[in-house]
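Going by my numbering, the first residue of the sequence shown is number 17, and it counts up by one from there.
C-beta: ideal position from N, C-alpha, C; glycine also.
Here's the structure we're looking at; comments come further down.
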Amino acid sequence: MTTESPLFIEVAMQHGYSSEAAQAALDAVRARLVAAGLAPTRLYIYRSSEGGLTGSGASEPPPSRRPRLLLAFSSADAALAFAQRGGISRSPRLIALSLSQALAAMLQRPSIGALYLATEGDDVITPGTLPPGWRLERTELLALLDGA
């Protein structure tokens, strides 16, 4: 277990889960990341103009019509390179979050359907597509909290 923000555990408890279930879910997600060859200490995520967290461009339908994707990168350089290659934004604004904070955002915002952590590489990305990466669906996170 690493020392990071207890925010996910606090938010999970506010949603009716025990601190033990939240810690187990956090540990399980962290173990999945390690198994996938990813172990970022910080996640870099775009902040949308509406003040929310997003990984989507302005051309995507409003969140009420389609679940949002929390697109994260393990370095700010990788995030900015993706934005430049994919034409995401004229001036992308990044925020750095811990894994705990990203999972808390997923739990607090039902419109976020998944966390997607892009792997680093020089893959050619066409506009409208995602780089290779690791995905955690909201339903998977809830199942982990339920002890599944």
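Below 8 Å, enough C-beta pairs join the region 83-96 and the region 44-63 to call them touching: three or more. Sorting L160, L157 and E136 by C-alpha distance to the C-alpha of L146 places E136 at the top. In this structure, DSSP gives L146 a state outside helix and strand, which the three-state scheme calls coil. Judged by beta-carbon spacing, A38 lies within the 8 Å limit of F24, meaning their Cβ atoms are closer than that value. Annotated as proximal: A134 and F98, with beta-carbon spacing under 8 Å.
A52 sits in coil when the DSSP states are folded into three classes, being neither helix nor strand. The beta carbons of A121 and L86 sit about 7 Å from each other, so the pair counts as a contact at 8 Å.
DSSP lists A130 as the beta-bridge partner residues of E153. In the structure shown, A37 adopts helical secondary structure according to DSSP, grouped into three states. In this structure, the beta-carbon distance from R84 to G129 falls below 8 Å. The closest CA to that of A112, considering only R151, R46, H31 and A94, is found on A94.
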